[in-house]
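Here the structure comes first, spelled out in structure tokens, and everything after it is commentary.
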Amino acid sequence: MRNLEVRPLLIRPATSVDIPAIKTLEQHSATAAHWKPEQYEHLFRTSSQRTVLVIEDSSNQRVEGFLVARDSGGEWEIENIVVSHQRHGLGTHLLSEFLNHARRRGAAAIFLEVRESNLAARALYQKLRFEKNGRRKSYYRDPEEDAILYRLQFT
0 MRNLEVRPLL IRPATSVDIP AIKTLEQHSA TAAHWKPEQY EHLFRTSSQR
50 TVLVIEDSSN QRVEGFLVAR DSGGEWEIEN IVVSHQRHGL GTHLLSEFLN
100 HARRRGAAAI FLEVRESNLA ARALYQKLRF EKNGRRKSYY RDPEEDAILY
150 RLQFT
């Protein structure tokens, strides 16, 4: 298995030009929130309360992952995070950069929900010191599944 961390990676703010790559990643992820292209376009036109980051292989400018988060009065919600390959360091790199971004913007906390069966994502959140703080029964559909709630408190 190829280690993706040895490739030159760049994390940058996403733009509307990235929407096709974001949609491709999203469509290949069973656990991602699936949004319409118009919803992503709306993010880039109007929302100063949201942050959209991409991680790309800077040797070929291929987008390898993305993160969408919303600032809700100093508490940030991660709405979507997808990487092309799990357990290769991409998610850690992307999420760590976002956490630094949120801290710089004065975040008090970060929260998210994740499918109970998404063990790779749950391991990532726990590694970065998110704490499990709840459950939403039958939150997800297709298939029906509980959501596990995580929170990272800064202050």
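Following numbering that gives the first Met the number 0 from start to finish, the sequence shown increments by one per residue and tops out at 154. Built from N, CA and C at the ideal position, the CB exists for glycine as well. Because the structure is a prediction, the values reported are computed rather than measured.
Mark D141 as exposed unless 16 or more other C-beta atoms lie within 10 angstroms of its C-beta, in which case mark it buried. exposed
For A107, I'd like the list of residues in its chain whose CB is within less than 8 angstroms of its CB, leaving aside the five on either flank, ordered along the chain. G73, E74, Q152, F153, T154
S137 versus L9 - alpha carbon distance: 37 angstroms
Hey, could you find the ends of the alpha helix (DSSP H) R121 is sitting in? Counting along the chain, the alpha helix (DSSP H) containing R121 begins and ends at 118-126.
Residue burial classification, I18 (beta-carbon count within 10 angstroms, cutoff 16): buried
Could you have a look at T23 and say whether DSSP puts it in helix, strand or coil? Looking at T23 - three-state DSSP - the assignment turns out to be helix.
How many Å lie between E40 and V16 at the Cα? 9 angstroms
Am I right that L148 and F110 are in contact with their C-beta atoms under 8 angstroms? What's the rounded C-beta distance? 7 angstroms
Per DSSP, what kind of secondary structure is L3 in: helix, strand or coil? Confidence in L3 is poor, its pLDDT being 49 and thus under 50, which makes the residue's placement unreliable; the coordinate value appears in the next sentence. Correct three-state label for L3: helix.
Runs of beta strand (DSSP E) lying entirely within the region 52-105, each at least 3 residues, in chain order: 61-71, 74-82
With burial defined as no fewer than 16 other Cβ atoms inside 10 Å of the residue's Cβ, what is the status of E37: buried or exposed? So E37 counts as exposed.
Report buried or exposed for M0, applying the criterion of at least 16 other Cβ atoms within 10 angstroms of its Cβ. Model confidence at M0 stands at a pLDDT of 36, short of 50, so the residue's coordinates are unreliable; what they give is reported in the following sentence. Exposed, by the Cβ-count rule.
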